[in-house]
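Numbering (our numbering), first residue to last: 6 to 179.
Don't be surprised by glycine CBs; every beta carbon is placed ideally from N, CA and C.
Accompanying notes for the structure given below.
Structure below.
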């Protein structure tokens, strides 16, 4: 079944307008430029190609306009969006966060499925607390093939992280 990305785009545009937001305001609240908002509402990526999966930005946009995170998939499957039961604004959920991370990073860490992580100590003996922390996140519902591809990329990149000067690390359990 072909997914109707243009229908999803129209639904986002209508919901944004009903929420009294301009594209610029939506982009600001989503912590992105206006280009992704325009692309989502057009139903095409900025390069003109059709989207192939629901993105993190689409899920955040859904929350912004008062839908559940799975509403974009529901719309693509010919259903209607499901209203969220909590305040929709990403800013509202971020204000309750106790994290001192920037809101966009905090939101990314809370979205999707955590697949793996690495902690590399960058400090020497005089600076033990300087670390590079990498969290591998995946979208919900990835196929086995997509997961295998991600793992191959991650294994290559992880070797590069371990080659960074400083003390070697042992991944920390979260």
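Q: Identify whether residue 39 lies in helix, strand or coil by the three-state DSSP scheme.
A: helix
Q: Using alpha carbons as the reference points, say which of 27, 15, 34 and 25 lies closest to residue 109.
A: 34
Q) Looking only at its own chain, which residues have a Cβ that is under 7 Å from the Cβ of residue 44, when we skip the five neighbours before and after it? A) 50 and 51
Q: Throw me the rounded Cβ distance for the residue 63 and residue 86 pair, which I believe falls under 8 Å.
A: Between residue 86 and residue 63 the Cβ distance is about 12 Å, and since that is not below 8 Å, they are no contact.
Q | residue 56 to residue 24 span [Cα, whole Å] | A | 25 Å
Q) Starting from residue 137 and walking both ways along the beta strand (DSSP E), at which residues does that stretch end? A) 136–143
Q | Residues near residue 152 by beta carbon distance below 8 Å, same chain, minus five either side | A | 120 and 143
**Q.** Minimum C-alpha distance to residue 140 - residue among 21, 162 and 66
**A.** 162
**Q.** Integer-rounded CB distance, given that residue 61 should sit under 8 Å from residue 117
**A.** 7 Å
**Q.** Cα-Cα separation between residue 72 and residue 168, rounded to whole angstroms
**A.** 43 Å
Q | Beta-carbon separation (whole angstroms), residue 112 vs residue 65, contact threshold 8 Å | A | 6 Å
Q.
Rounding to the nearest angstrom, what Cα-Cα distance links residue 11 and residue 81 in this structure?
A. 9 Å
Q: Specify the secondary structure class of residue 114 as computed by DSSP and reduced to three states.
A: helix
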